[in-house]
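Engineer: Residue numbers (my numbering), protein chains in the order written: chain A, 1 to 249; chain B, 1001 to 1268. My questions all concern the structure below.
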Amino acid sequence: MSNVILEGKKLQKSFSDKGGNIDAVNSVDFTLRTGQFLGIVGESGSGKSTLLRLIAGLEKADEGSLFYKEKEYTNASPAENGRFLQMIFQDAYASFDPRMKMKDSILEGVKNTCPEAKLYDTMDKLGLKKGLLEKRPKELSGGQCQRMSILRALLCGAEILLCDEITSALDVVTQAQICELLLQLRNQREFSLIFVSHDISLVSNLCDEMLVMYEGSVVEEGKTKDVITSPNHPYTKSLISCSKGLSLS
Amino acid sequence: MTRKKLKFKITVVASIAVVIVFAALFSGIIAPNDPYSTSAAGIRMAPSFEYPFGTDNLGRCVFSRVLYGGRTTIGMTFLLVAISFVIGTFIGMICGYFGGWLDRLLMRVADVTLAFPQMVIAIAVAGILGGGLFGVLLALGITMWVSFARLARSHTYSLKSKPYISAAILAGKSSWYILGRHIFPNILASLLTNGLTQIGVTMIGISGLSFLGIGVQAPSAEWGQMIAEARAYIQIAPWAVLFPALAIAITIIVFNYLGDLIMDYREL
Chain A
1 MSNVILEGKK
11 LQKSFSDKGG
21 NIDAVNSVDF
31 TLRTGQFLGI
41 VGESGSGKST
51 LLRLIAGLEK
61 ADEGSLFYKE
71 KEYTNASPAE
81 NGRFLQMIFQ
91 DAYASFDPRM
101 KMKDSILEGV
111 KNTCPEAKLY
121 DTMDKLGLKK
131 GLLEKRPKEL
141 SGGQCQRMSI
151 LRALLCGAEI
161 LLCDEITSAL
171 DVVTQAQICE
181 LLLQLRNQRE
191 FSLIFVSHDI
201 SLVSNLCDEM
211 LVMYEGSVVE
221 EGKTKDVITS
231 PNHPYTKSLI
241 SCSKGLSLS
Chain B
1001 MTRKKLKFKI
1011 TVVASIAVVI
1021 VFAALFSGII
1031 APNDPYSTSA
1041 AGIRMAPSFE
1051 YPFGTDNLGR
1061 CVFSRVLYGG
1071 RTTIGMTFLL
1081 VAISFVIGTF
1091 IGMICGYFGG
1101 WLDRLLMRVA
1111 DVTLAFPQMV
1121 IAIAVAGILG
1131 GGLFGVLLAL
1141 GITMWVSFAR
1151 LARSHTYSLK
1161 SKPYISAAIL
1171 AGKSSWYILG
1181 RHIFPNILAS
1191 LLTNGLTQIG
1201 VTMIGISGLS
1211 FLGIGVQAPS
1221 AEWGQMIAEA
1231 RAYIQIAPWA
1241 VLFPALAIAI
1251 TIIVFNYLGD
1261 LIMDYREL
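Here it is in structure tokens:
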């Protein structure tokens, strides 16, 4: 398909442990289309974050291939991958060097290429005040810090955003604000997004399609609504039944 | 202890440390007498207004020699700690960040070095080299880089998995940029604290080797060497041993205490 922006085939990653090898990601396939929001849900340790790190190139896959616009990038360095994808991390504070001002961190990758007007415009869009640029991460709230992470990713001009449980470390109100922000951004369709979370209700509200991971493998995939309304795998069924306040999009 | 109280203590102890360093640095101006000038008429004189710490067996002013000795002892200590800091930190950061065979090799070398008591290796090396300033620096430096290397390695290893390092990698920054801009500034405080505690250990090492006769050689003034010279007539002129010994003790206590306080302050 021509509008496929990112594709993973038979991705495999194991880590050695005292008890032997642990398959963190086991033969995972996925497809992300331009402008699509893809959710990945699963319990802790199911391999969601490892999959994201494989996609970003921060971990190397033992087997399998990754494609960006049909061109293989499996062995590319993460620095090269940073040209088309960026990652937003779970711990917003730890995403920024504690000793550096936000402005220096934000512009680290785009210092000479990002005009000030673009910076301020994007900050405006994300509801961030200019004054925050002169502050250090500890002086910001969790929500502001996570918005700053989104700002950094957007300024890099990335076509794909990888969000690794970006709301799980935030309080409920801030979670709602970040989700609202992502929903606004989704409507503009300026980028594609992979949203990793263990909160199936959040993913159902935000994403077009979803994958359900269990013990390193994808056990269910499809349109979010289909997965939510007629789950096949027992794990997905239990995940949905356990999820309180699930609201279908 | 509250942060405010600790800050006050650090200020007081750091001020004493600065006074010690300045006294050693400007010994040429402060010293009332020539530390190398002997006087047959004034041997083993008790402390007086002219000779505040008395004189030694050759009639030399002990106070002036303690000040000049401070320059040698403290100067060598700072130089050695600084060299070990630079080499050890560089090795540790490279090992912690890149890992692989180089990490395994250098850390095994560090393990082997740590397996022997530092002073035993230092005595052996200084003995082979025949003493002197260079011999002392090399003898102690062989083992000293290890503590900095291990500390830098463990901090680098834990920092490199932080999201802001991943973000910098994805921003296209090189490994050397990340090491210099993100990792080094964030481990510097911890390394400096270690450096302060190493000052005491190094000072004992330098003075110890000089005391044993395989460090700084006479007639150079060095605290350990002064004690070694004067201990032969300790019953007649105890001041010739007492004051260099006190200088060593006070300096070591001040720098060790300063290191401990800064460590406590950082943990608060």
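Beta carbons are placed, not taken as given, at the ideal position from N, Cα and C, and that holds for glycine.
Excluding the 5 residues flanking Lys-138(A) on each side, which residues of the same chain have their C-beta closer than 6 Å to its C-beta?
Structural biologist: Correct list: empty, nothing qualifies.
Engineer: Assuming Arg-136(A) contacts Pro-98(A) (C-beta within less than 8 Å), just tell me the rounded distance between them.
Structural biologist: About 7 Å; that satisfies the 8 Å criterion.
Engineer: Under the three-state reduction of DSSP, which class applies to Cys-163(A): helix, strand or coil?
Structural biologist: In this structure, Cys-163(A) counts as strand in the three-state DSSP scheme.
Engineer: Which of the three DSSP states, helix, strand or coil, is assigned to Ile-5(A)?
Structural biologist: Three-state result, Ile-5(A): strand.
Engineer: Taking any Cβ of chain A, which residues in the segment 1136 to 1170 of chain B have a Cβ under 8 Å from it, in chain order?
Structural biologist: From the segment 1136 to 1170 of chain B, only Lys-1162, Pro-1163, Tyr-1164, Ser-1166, Ala-1167, Ala-1168, Ile-1169 and Leu-1170 have a Cβ closer than 8 Å to chain A.
Engineer: Return no unless some Cβ of chain B is closer than 8 Å to the Cβ of Glu-190(A).
Structural biologist: Not an interface residue.
Engineer: Please tell me whether Leu-64(A) and Gly-127(A) are closer than 8 Å, where the distance is taken between their beta carbons.
Structural biologist: The sequence as given places Gly at residue 64(A); Leu does not occur at that position. No. Outside cutoff.
Engineer: Just how far apart, CA to CA, sit Ile-1234(B) and Ile-1214(B)?
Structural biologist: C-alpha separation (whole angstroms): 21 Å.
Engineer: Could you give the first and the last residue of the continuous beta strand (DSSP E) run that contains Glu-209(A)?
Structural biologist: Where Glu-209(A) is concerned, the enclosing beta strand (DSSP E) stretches over 209 to 214.
Engineer: Measure from the C-beta of Gly-1172(B) to each C-beta in chain A and report whether the shortest distance is under 8 Å.
Structural biologist: Closer than 8 Å to some Cβ of chain A, the Cβ of Gly-1172(B) qualifies, so yes.
Engineer: For Thr-1193(B), tell me which candidate among Ala-1218(B), Asp-1056(B), Gln-1118(B) and Leu-1261(B) has the shortest Cα-Cα distance.
Structural biologist: Among Ala-1218(B), Asp-1056(B), Gln-1118(B) and Leu-1261(B), the Cα nearest to that of Thr-1193(B) is on Leu-1261(B).
Engineer: Check the C-beta distance from Pro-1163(B) over to Asp-91(A) and give it rounded, since I have them as a contact under 8 Å.
Structural biologist: Their Cβ separation, rounded to whole angstroms, is 6 Å, which keeps Pro-1163(B) and Asp-91(A) in contact under 8 Å.
Engineer: In the structure shown, what three-state DSSP assignment does Ser-27(A) receive?
Structural biologist: Note: Ser-27(A) maps to strand in three-state DSSP.
Engineer: Which term fits Ala-1041(B), buried or exposed, when burial requires 16 or more other beta carbons within 10 angstroms of its beta carbon?
Structural biologist: Label assigned to Ala-1041(B): exposed.
Engineer: Helix, strand or coil for Glu-139(A), going by three-state DSSP, please let me know.
Structural biologist: DSSP places Glu-139(A) in helix when its eight states are reduced to three.
Engineer: For Ser-49(A), which residues of its own chain have a beta-carbon under 6 Å away from its beta-carbon, when the five flanking residues on both sides are left out?
Structural biologist: Closer than 6 Å at the Cβ level, and outside the excluded window around Ser-49(A), lie Asp-164.
Engineer: Roughly how many angstroms separate the alpha carbons of Leu-211(A) and Arg-1150(B), rounded to a whole number?
Structural biologist: When rounded, the distance between both Cα atoms is 43 Å.
Engineer: Given a cut-off of 8 Å, decide if Cys-207(A) and Phe-251(A) are closer than it, judged by their beta-carbon atoms.
Structural biologist: As shown, chain A starts at 1 and ends at 249. That puts residue 251(A) outside it, with no answer to give.
Engineer: Report the rounded CA-to-CA distance for Gln-1225(B) versus Ser-1161(B), giving the unit in angstroms.
Structural biologist: Looking at the two C-alpha atoms, the distance is approximately 49 Å.
Engineer: Is it buried or exposed for Cys-242(A), if we count other Cβ within 10 angstroms and need 16 for buried?
Structural biologist: The residue is exposed, with fewer than 16 neighbouring Cβ atoms inside 10 Å.
Engineer: Mind checking which residues open and close the alpha helix (DSSP H) that includes Ile-1083(B)?
Structural biologist: It spans 1062 to 1098 - the alpha helix (DSSP H) in which Ile-1083(B) sits, taken as one unbroken run.
Engineer: Which residues in the same chain have their Cβ closer than 6 Å to the Cβ of Gly-1139(B), if we skip the five residues on either side of it in sequence?
Structural biologist: The question names Gly, but residue 1139(B) in the sequence shown is Ala. Result list for Ala-1139(B): Ala-1122, Val-1125 and Ala-1126, in chain order.
Engineer: Leaving out five residues on either side along the sequence, give the residues of the same chain with a beta carbon under 6 Å from the beta carbon of Ser-16(A).
Structural biologist: Here the set comprises nothing.
Engineer: Counting contacts by CB-CB distance shorter than 8 Å, is Ser-95(A) in contact with chain B?
Structural biologist: Chain B contact via Cβ: present.
Engineer: Could you run through the segment 107 to 129 of chain A and flag, in chain order, every residue whose CB is less than 9 Å away from some CB of chain B?
Structural biologist: Cβ contacts with chain B: Glu-108, Gly-109 and Val-110.
Engineer: Find out if the Cβ-Cβ distance for the pair Ile-166(A), Ile-40(A) is shorter than 8 Å.
Structural biologist: It is not a contact, given that the beta carbons lie outside the stated cut-off.
Engineer: Nearest to Gly-1088(B) by CA position, among Met-1045(B), Leu-1137(B), Thr-1143(B) and Gly-1099(B), is which residue?
Structural biologist: Taking only the C-alpha atoms, the option nearest Gly-1088(B) is Thr-1143(B).
Engineer: Which residues in chain A sit within 9 Å of Pro-1117(B), going by Cβ to Cβ distance?
Structural biologist: Those within 9 Å of Pro-1117(B) in chain A number zero; the least Cβ separation is about 33 Å.
Engineer: Report back the beta-carbon spacing between Glu-220(A) and Asn-232(A) to the nearest angstrom; my notes put them in contact at under 8 Å.
Structural biologist: Between Asn-232(A) and Glu-220(A) the Cβ distance is about 6 Å, and since that is below 8 Å, they are a contact.
Engineer: On the DSSP letters alone, give me the boundaries of the alpha helix (DSSP H) that Leu-225(A) sits inside.
Structural biologist: Going by the sequence as given, residue 225(A) is Lys instead of Leu. Looking at the DSSP string, the run of the alpha helix (DSSP H) that includes Lys-225(A) is 224 to 229.
Engineer: Does the CB of Asn-1186(B) have a neighbour CB from chain A at under 8 Å?
Structural biologist: Judged by the 8 Å Cβ criterion, Asn-1186(B) is in contact with chain A.
Engineer: Going by DSSP in three states, Lys-1004(B) sits in which element: helix, strand or coil?
Structural biologist: Three-state result, Lys-1004(B): helix.
Engineer: With distances taken between CB atoms, is the gap from Trp-1223(B) to Gly-1069(B) smaller than 8 Å?
Structural biologist: Yes, Cβ-Cβ distance for Trp-1223(B) and Gly-1069(B) is below 8 Å.
Engineer: Evaluate Trp-1145(B) with the Cβ neighbour count: other Cβ atoms within 10 Å of its Cβ, from every protein chain shown; 16 or more gives buried, anything less gives exposed.
Structural biologist: Buried.
Engineer: Tell me which residue opens and which closes the alpha helix (DSSP H) that Ser-105(A) is part of.
Structural biologist: Looking at the DSSP string, the run of the alpha helix (DSSP H) that includes Ser-105(A) is 102 to 106.
Engineer: Roughly how many angstroms lie between the CA atoms of Gly-1180(B) and Val-1120(B), to the nearest whole one?
Structural biologist: Each residue's Cα considered, the two are about 36 Å apart.
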